[in-house]
Structures are given as C-alpha cells and as structure tokens.
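A quick write-up on the structure given underneath.
Protein chains: 2
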Amino acid sequence: MTSTTMTSTTMAQPTQYRLHAYPESVVTADTWRVTHDPLPELAPGQIQVRLKHLSLDPGMRGWITPKRSYMPPVRPGEVMRAFGVGEVTASASDFFQPGDHVTGFTGIQTEAVLDGRHMRKIDLAFAPARSYLTSAGMTAFTAYFGLLDVGKPKAGETVVVSAAAGAVGSIVCQIAKHQGCRVIGIAGGAAKCAYLTETLGLDAAIDYKAGPVDAALRQAAPGGVDLYFDNVGGDILDAVLMQINYRARVVVCGGISQYLDMGQVRGPANYLQIIAQSATLQGFTMRDYLDRIPEAFVALLTWHSNGKLKVREHVLQGIDAFPAGLQMLFAGDNHGKLVIDL
Amino acid sequence: MTSTTMTSTTMAQPTQYRLHAYPESVVTADTWRVTHDPLPELAPGQIQVRLKHLSLDPGMRGWITPKRSYMPPVRPGEVMRAFGVGEVTASASDFFQPGDHVTGFTGIQTEAVLDGRHMRKIDLAFAPARSYLTSAGMTAFTAYFGLLDVGKPKAGETVVVSAAAGAVGSIVCQIAKHQGCRVIGIAGGAAKCAYLTETLGLDAAIDYKAGPVDAALRQAAPGGVDLYFDNVGGDILDAVLMQINYRARVVVCGGISQYLDMGQVRGPANYLQIIAQSATLQGFTMRDYLDRIPEAFVALLTWHSNGKLKVREHVLQGIDAFPAGLQMLFAGDNHGKLVIDL
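Residue numbers (the numbering used here), protein chains in the order written: chain A, 1 to 342; chain B, 1001 to 1342.
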C-alpha cells in the first residue's frame, strides 16, 4: 500500500497507528506502521467519530504481548488499542447522534468508525472531554476500585504507593489520605517527590533514584506497611515485601519496571514473605468493576470539584506523539496522566 | 566441650541437635552440632519430657534463615526447633503430671525440659501419639485451614496441588475431593502419581519429572485452574499461573523448590497473570488459626476414622536420622509425612 510510506499527517485523511509486529522485548519504531486508510461506510449500529483526546497507558504494553491476558492482544495490522474521547460525526446507531461525545476503545487514530455498542456517551456538562480520560476516566476508576475495593484501607493504616506521581498512583494516594491513612509515595526524582508531599499532602515521599528504597522506607514507615499499591514490580516490590505487616494486602495493579522487556519478567524474589506475614497479593482490572463505574464517577467528580482530588495532565500534541509518548511511560518521564490532544 | 565430638547416642545421656551456623545456601553437616548436655533442674511451670516422635517439616528451612519471618529464627547454639510428641517424666507445672503426653515445639532432642505453658496435652484415646504429628497434627491442620479457609474451594472447581504426595499436599487433595472438586495432583515420579490416583482417588496426577508441567496441566485441566495450593514455588508455580482462571486463588503454603538456596530465591516470573485474571496469591501460617485447632482436629479425626482420610507416614528411626531426613524433604525423597521415632 502506498499509504504506508506517507509521513505527513497534515492532510484531511484519517491517520491510524497500527501494530506492525509484536516487539520481542523493547518497543521500537518498527513496532508501528502508520496508515492513512479512508474510513469505511457506516454499517448499522456503527458511528463515525472524530477523536479529540487519546489516552496513553502502561497497560498498552500488555496489549501488544501475544500472551494470554484479560483481553486478546492486538493483532499485527490492527489499529493500536487505546482509550479515547471523540465527537460523533455520523451515526447509524439509534443511541448516538452527531454532536454526541463518546468514550471507549477508540484506538490510536484521528477518525474512526466504531461499534456503538462498545462506546459510552459522555456529558460535557459534568466534566470537560479530556477529563473522561484523566480525573473521571478508566485510570481514575482503576485507582478508586483498586484501592478501596481490593486494598480495603482502614483509617490509621500505613499505605505505600509506587509510581505515586503517575496517573493511577497519584489518585490512589489522595483517596488513601481521604480514608485517614498514613500515605507514603515512591517516585523517581526530587520534583515528583516534592509534588507528592507539597501538592498532594502525602506524609512522606521516597525518591527511588536517590538511594536504597528499603532504608528510606524503614525510616518513613517504622511501623511497617499495611497496604502496598504496586504499579511497578521489580526491586521496589521486593523492598516493600520485606517490610509488610501481618495480614498486609499488596494490590498488584501493574509492573511497569518489567514492561520494557516482557520476555524477561522478574518475579518478586521476596514473595515468600506473604507466608510469613499471612499477606495477600491480589490482582485486578477494571473489567471487574464495569458495573460500578457510576459510583466511582460520582465520587471522583465530587472530590475533584471540592478540591480534594488533584489530577495532573501531561498533554502531548498530535497523533504522531504516540510512539515517543509510550516510551515516556516506561522511562517514567511523564508527569501525571499522559494524553494526546488531536 | 568434649560432648561435641561424641558420635554415639546409645548412652542414656540426652542428645540435642543444635544449630551450629546459619547455612548460607545449602544445609550441610556443618549446619548442626550434636551435644549431650544433661537436663537442667525443673523450674516452676516446667516439665521434663521424654520425646517419642519428632516431626521433620519444610518450614524448618525458614527457621534457620536469619531473616524476618513469622517467628524468630533459631539462634546458633540453640536446639533445633521442631514439633514433637513426648511423655512427661517429671513436672513442676500444675497442669501436667508424669505419664501425660504432650505436643508442641520440643526441638530435635531425646529429652527436654520445656515450659508447660507452650505445650498442649494430648489424649491417646483419640489417636496414637505419632498421629499428633501426622493425621491430627500441625501438618494436617495446615492443610485443613489453608485449603478451606484461605482457598475456599467450591464444588465443581478445579483444584491443583503441588507436592501432592507430601504431608500437607496429600491431605489438601483429599479434603478438596470431599468438597466436590476436581483435583489434580503434581508430584515427582510414577510411584507418587500412582498413589495419588489409585489410593487417594484424585482425578489426575502430573509427574513433573516426566515432562513439561504446562502441557500435562493443559490436558488434565482443559477448563483451567480455579484454585492452586502451592507447596513448591519455582517453575511449577509459573506453569500453573499461566493456566489460572478468572478470580483464581493461589494458596501459597510453601516454596520448597526454593528452600535449598534461600539466598537465591526466584520469584514467580508469571505473577503478573494475577492482574490479567483478577487472581489472588495468599499466604498463611498456622498462627492464624491456633484458636480454631479443635475444629480441624475433630474434622480430621472423623474423616480418618471413616476411611475418608489416608495419611502415609514415612518413619525414620533414631535422632541421628535428622540431618539426612531433612535433606530428603528438599529432594522430594520422602513418601508421606516424615517423622522420626525415638
């Protein structure tokens, strides 16, 4: 196809980022193929959407790993899976009209024909469009249910959160504070740590780039860790496991330290501590909570409007920011929830 | 002390196996020191006990690892910790009389002066003395609570058990069958596997020494694994994790494949599957259930007397069987619950 050789996206043609080949270890430029295929005709039930915002998430690494997971991997040639928000420009569905805004799996593309049954209508009176990917989107819902329903924090408990300045982690930290917990965030770099203690009001922040996490954690949490919300895996998970308390809960939300090379994932060497401490490692995804989204939506919007939930958005411009943007996540170079504005 | 050079235990003197030094990786002959120290005078509350049976358990490896765990490690010079059963020969406690039988942490020794508050009186009318270490002892209680209370099996579910012919595993398998589960045992060697299917009536047995566990498990559990009771860790845990079902529970009871070299424990590389499957890895020890022992005792005795619980005892003779006996556990050379008769 001649379209595969085009590099400009200034034309009025749609642009799609497609999976070219599964990365064996590291995601590279060769992982993707850019196309400018015209949109198909609308079939019954479908809607045509002009995308406005795309969400970049660590979970994308799993979607391009050809391994059994909670949803089938993206297949080579398919448009890369992504959450997005867009405006309906044409509809062959009874449930959507042009001008409606929708969210769901839109893919990394500028325009799309999507199955209306898989999209959710959103109301911009509640929140601006981009918020449906940030403070009131899947990321925020993940933080909400992962902390409250899986982790079940109790007032007075010590909660530790890794990737604490990240999209999920920063919301987890704030909700844990609302619950009356002592909250310690782990993040990379002084700027992120200052954000955690000064802006988000955490009790302590640990800069994992500045020194050993175990010593810093012993100082910040002398009474041990009751609940650990893990987004990173690797050395930090191992360090925290050595300081968990009896009946501690480890909420396993992600393992981004292991996502660069999915062929060489390193399991937590200290996992046998869960025997010694009668502790639990529990995984979850949002598919467990799809029917409870309204509850999280109302709570998050309320906190946000009360100033009790701060969400930092890291906004990239244009669809061609996608490949480098994804790398930012794995390098920890993003500050807050990473989105692309189109 | 001259007693450390003695090798004979035929004398009437007490014999003690003491920890000489923490093994850096593998337990060796140098780990232990044999003494024949005379018994101290009885202090108030103490009892003098002649040991009859000693229990050898994988957990012993953790007790001689100088790392934070559910109880403090044995210190160099101390008698090696062990469960045992013995007869009271003298008492300075109001609660015990000579002729009583007791169980608890007696240590690896032939006679001992013990604190009566830490010993439990047992009734040989219910079961013979050795059974209090086997079918009605901590091993059996561990199987009972680990499966029923931590794992929560439901009728019709597929339950997989590793070290299934071992002391804990074989009881777990049988209780899971009582619950109406489909039960698959993993063990090493054709003899153990035949025991699992023919004597214990399991639905399938997988010989991990005969070929890849993943392929055998796919065949034995085409519908996936709902509950995995893990005694071994390592490759087998990783293989099972790839075949767990949505909301599966992994009961982490032990990790004997990793006990040979506690300095180089390998965590489960496939642990991120618990995210994909919203699954749980949960650890426990019997300290969580000490107040519920009577419930387990009655259930196990009842099953045993009804012929619904078969417990194989692997009996070694004499205290000097201890060092080699412990190695048998790590090599998987024992057939059933390993005990020493004195």
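Beta carbons: idealized from backbone N, C-alpha and C, even for Gly.
DSSP places A/His-304 within a helical segment (H, G or I) once states are collapsed to three. Rounded to the nearest angstrom, the gap between the Cα atoms of B/Met-1286 and B/Met-1138 is 7 Å. Beyond the five residues adjoining it in sequence on each side, B/Ser-1093 comes within less than 7 Å, by CB distance, of Gly-1045, Gln-1046, Ile-1047 and Gly-1116 in the same chain, given in chain order. If you look at A/His-101, you'll find it in the beta strand (DSSP E) that goes 101 to 105. Excluding its 5 nearest sequence neighbours in each direction, B/Val-1074 has C-beta neighbours in its own chain below 8 Å: Leu-1019, Trp-1063, Ile-1064, Met-1080 and Arg-1081, listed in chain order. CA-CA distance, B/Gly-1156 to A/Ser-257, rounds to 38 Å. Around the beta carbon of A/Glu-41, a 10 Å sphere encloses fewer than 16 other beta carbons of the protein chains shown; the residue is thus reported as exposed. Close partners of A/Ser-25 in chain B (Cβ separation under 9 Å) are lacking, with about 14 Å as the shortest Cβ gap. Below 8 Å, too few C-beta pairs join the segment 328 to 338 of chain A and the segment 1214 to 1224 of chain B to call them touching: fewer than three. Its chain contains Leu-1056, Leu-1316, Leu-1338 and Ile-1340 as the residues whose beta carbon lies nearer than 7 Å to that of B/Gly-1325, once the 5 sequence neighbours on both sides are disregarded; these appear in chain order. Of all residues in the segment 1272 to 1289 of chain B, only Leu-1272, Gln-1273, Ile-1274, Ile-1275, Ala-1276, Gln-1277, Ser-1278, Ala-1279, Thr-1280, Leu-1281, Gln-1282, Gly-1283, Phe-1284, Thr-1285, Arg-1287 and Asp-1288 place a beta-carbon less than 9 Å from a beta-carbon of chain A. Using a Cβ-Cβ cut-off of 8 Å, B/Gly-1255 counts as an interface residue toward chain A, since at least one Cβ of chain A sits closer than that to its own. B/Tyr-1022 is outside the set of residues whose beta carbon lies under 8 Å from a beta carbon in chain A. The beta carbon of A/Pro-153 sits closer than 6 Å to the beta carbons of Val-159, Ala-176, Gln-179, Cys-181 and Leu-227 from its chain, once the five residues preceding and following it are set aside; these are given in chain order.
Legend: CB atoms of the segment 60 to 92 of chain A lying less than 9 Å from CB atoms of chain B belong to residues Gly-62, Lys-67, Arg-68, Ser-69, Tyr-70 and Met-71.
In this model, A/Leu-309 and A/Ala-210 are separated by some 28 Å (Cα to Cα).
Here the segment 1266 to 1279 of chain B makes contact with the segment 1246 to 1253 of chain B; the two share three or more CB pairs at distances below 8 Å.
Just so you know, the alpha carbons of A/Tyr-132 and B/His-1304 end up roughly 59 Å apart. Within chain B, the C-beta atoms nearer than 9 Å to that of A/Arg-266 come from Arg-1266, Gly-1267 and Ala-1269, in chain order. Collapsing the DSSP output to three states places B/Glu-1078 in coil. At least one C-beta of chain A is nearer than 8 Å to the C-beta of B/Met-1242. Residues of the same chain with a CB within less than 7 Å of the CB of A/Arg-50, apart from the 5 flanking positions on each side, are Gly-86, Glu-87, Thr-89 and Glu-111 in chain order. Within the same chain, Cβ atoms closer than 7 Å to the Cβ of B/Val-1113 are found at Leu-1039, Pro-1040, Leu-1042, Gln-1046 and Gln-1048, the five residues on either side in sequence being excluded.
Nearest CB-CB separation between B/Val-1159 and chain A: not below the 8 Å threshold. Under the three-state reduction of DSSP output, B/Val-1168 falls in the helix class.
Straight across, the Cα-Cα distance linking B/Gly-1151 with A/Gln-273 is about 18 Å. Around the beta carbon of A/Phe-95, a 10 Å sphere encloses fewer than 16 other beta carbons of the protein chains shown; the residue is thus reported as exposed. B/Val-1252 has a beta carbon lying within less than 8 Å of a beta carbon in chain A. A straight-line Cα-Cα distance of about 13 Å links A/Pro-268 and A/Gly-254. Minimum Cα-Cα distance from A/Pro-76 among the listed residues A/Leu-196, A/Met-60, A/Val-213 and A/Trp-32 corresponds to A/Trp-32. If you draw a straight line from the Cα of A/Pro-72 to the Cα of B/Gln-1327, it comes to about 45 Å. By the 16-neighbour rule on beta-carbons within 10 angstroms, B/His-1118 is exposed. In this structure, the alpha-carbon of A/Ser-25 lies about 15 Å from that of A/Pro-58. Straight-line spacing of the CA atoms in A/Pro-323 and A/His-36 works out to 17 Å. For B/Val-1027, the closest alpha carbon among the candidates B/Gln-1282, B/Gln-1013, B/Gly-1263 and B/Ser-1091 is that of B/Gly-1263.
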